[in-house]
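In the working numbering, the protein residues as written are 343 to 701.
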């Protein structure tokens, strides 16, 4: 496929964005300014990749001509450079294809992650804690920040649920594919006969909503303050700092108690509430306009069993892309980057096919 016409349209758009950035009134609207700067950066990257691709193609043509020439020394040098240029061109063509895709909604946002223990009792709660530790270590390894917003411990260890915010560069783009049911198969420490038990935990990854995305009317909220309780530390159990927020039109309830003040818990609860309402809004739009789309990745719905963690085989398998890694110990230690990359690549392949911009 000839990408030149599409790239030229992007180049014209880039010039428009340059003029808009240079205008004096851009930053009067911070939301618009953020959108323009984001589009400018991605369009600039596309144009630069295209220019490198054009240059590499020209060099490849020149080397192929020299390779069949009469100057043996020049022919030898040119022949040696051809494989590297061919590899570079394939890489740059791929970059251009991906850059031509329309951006996915919310991909550059921070994320709010909710993990809840599912079937399996104590073992499910322990698994939920394992997942929280896994994501925390992964985030730390790539320079992302994790902020716990609320948690509820289980009586015999582990977590009934935990809600935390992950912030940094392109967080939602990295973590969005983690939404769904995670299944663990292992022998619990309390199992005397060595039988393998199957337990589950549910992960939901929500793009963090901003106030401009979801505007909640004060009269639509019922906010209650109550005494914190349950496992979670000494200070949590001694102050009337827990906050429960109910969104009356939808009946959604968020309760936060981990902060040491009512104000902190209220802010966290409202952040979670906005993100859940934004997710509801996005799901409604997807069902209305994109019901025909069947992604390789799946919709990230919480009803989907997406991954199995098998301790006996030291194996983690993602069922959506049929990928198994035999390094479960390192995976749970936070080394999930390979799986994240594979999920992104699979999604991009599907989007390229849908967009019809495969070369």
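Just so it is clear, CB atoms sit at the ideal spot from N, CA and C, and this is done for glycine as well. All of these numbers come straight from a predicted model, not from anything done at the bench.
Here the stretch 407 to 427 does not lie against the stretch 471 to 482, with fewer than 3 beta-carbon pairs under 8 angstroms apart. Taken in chain order, the whole alpha helix (DSSP H) runs of length 4 or more contained in the stretch 409 to 460 are 414 to 442.
Membership of residue 509 in the beta strand (DSSP E) is indicated by the continuous run 501 to 509.
Assignment of residue 391 by DSSP, reduced to helix, strand and coil, places it in the helix class. Residue pairing from DSSP leaves residue 371 without any beta-bridge partner. For residue 352, the uninterrupted alpha helix (DSSP H) segment begins and ends at 346 to 364. A Cβ-Cβ distance of about 6 angstroms is found for the pair residue 434 and residue 394, placing them in contact under the 8 angstroms criterion. Excluding sequence positions up to five before and after residue 502, its CB lies within less than 8 angstroms of the CB of 458, 459, 467, 470, 494, 495 and 496, all in the same chain and listed in chain order. By the criterion of a C-beta distance shorter than 7 angstroms, residue 387 is surrounded in its chain by 441, once the five residues flanking it on both sides are discounted. DSSP links residue 546 through a beta bridge to 456. Under the three-state reduction of DSSP, residue 605 is assigned to helix. DSSP lists 564 and 595 as the bridge partner or partners of residue 588.
Nearest to residue 500 by alpha-carbon distance, out of 684, 685, 404 and 464, is 464. Residue 622 sits away from residue 550, with the two beta carbons spaced by 8 angstroms or more. The residue among 349, 369, 409 and 401 with its C-alpha nearest the C-alpha of residue 391 is 349.
A direct Cα-to-Cα measurement between residue 512 and residue 522 gives close to 20 angstroms. It is roughly 10 angstroms from the alpha-carbon of residue 398 to the alpha-carbon of residue 404. Sorting 589, 483 and 527 by C-alpha distance to the C-alpha of residue 566 places 589 at the top. Between residue 548 and residue 454, the CB-CB gap stays under 8 angstroms.
Only exposed fits residue 671, as fewer than 16 other CB atoms lie within 10 angstroms of its CB.
With fewer than 16 other beta carbons inside 10 angstroms of its own, residue 559 counts as exposed. Straight-line measurement puts the Cα of residue 599 at about 34 angstroms from the Cα of residue 685. When the five nearest sequence neighbours on each side are left out, the beta carbons in the same chain lying within less than 7 angstroms of the beta carbon of residue 401 are those of 427, in order along the chain.
The beta carbon of residue 359 sits closer than 8 angstroms to the beta carbons of 378, 381, 382 and 385 from its chain, once the five residues preceding and following it are set aside; these are given in chain order. As the crow flies, the alpha-carbon of residue 477 is around 26 angstroms from that of residue 585. For residue 665, there is no enclosing alpha helix (DSSP H); the residue is found in the beta strand (DSSP E) stretching over 665 to 667. Per DSSP, the beta bridge partners of residue 494 are 503. Residue 527 has 540 and 652 as its beta-bridge partners, per DSSP. Counting along the chain, the unbroken alpha helix (DSSP H) around residue 671 starts and ends at 670 to 674. Looking at the DSSP output, residue 659 shares a beta bridge with 650 and 666. The C-alpha of residue 676 is placed about 21 angstroms away from the C-alpha of residue 449. In chain order, 349, 352, 353 and 356 place their CB closer than 8 angstroms to the CB of residue 389, counting only its own chain and leaving out the 5 sequence neighbours on each side. Secondary structure at residue 401: helix, using DSSP grouped into helix, strand and coil. Under the three-state reduction of DSSP output, residue 462 falls in the coil class, being neither helix nor strand. C-alpha of residue 647 to C-alpha of residue 439: approximately 31 angstroms in a straight line.
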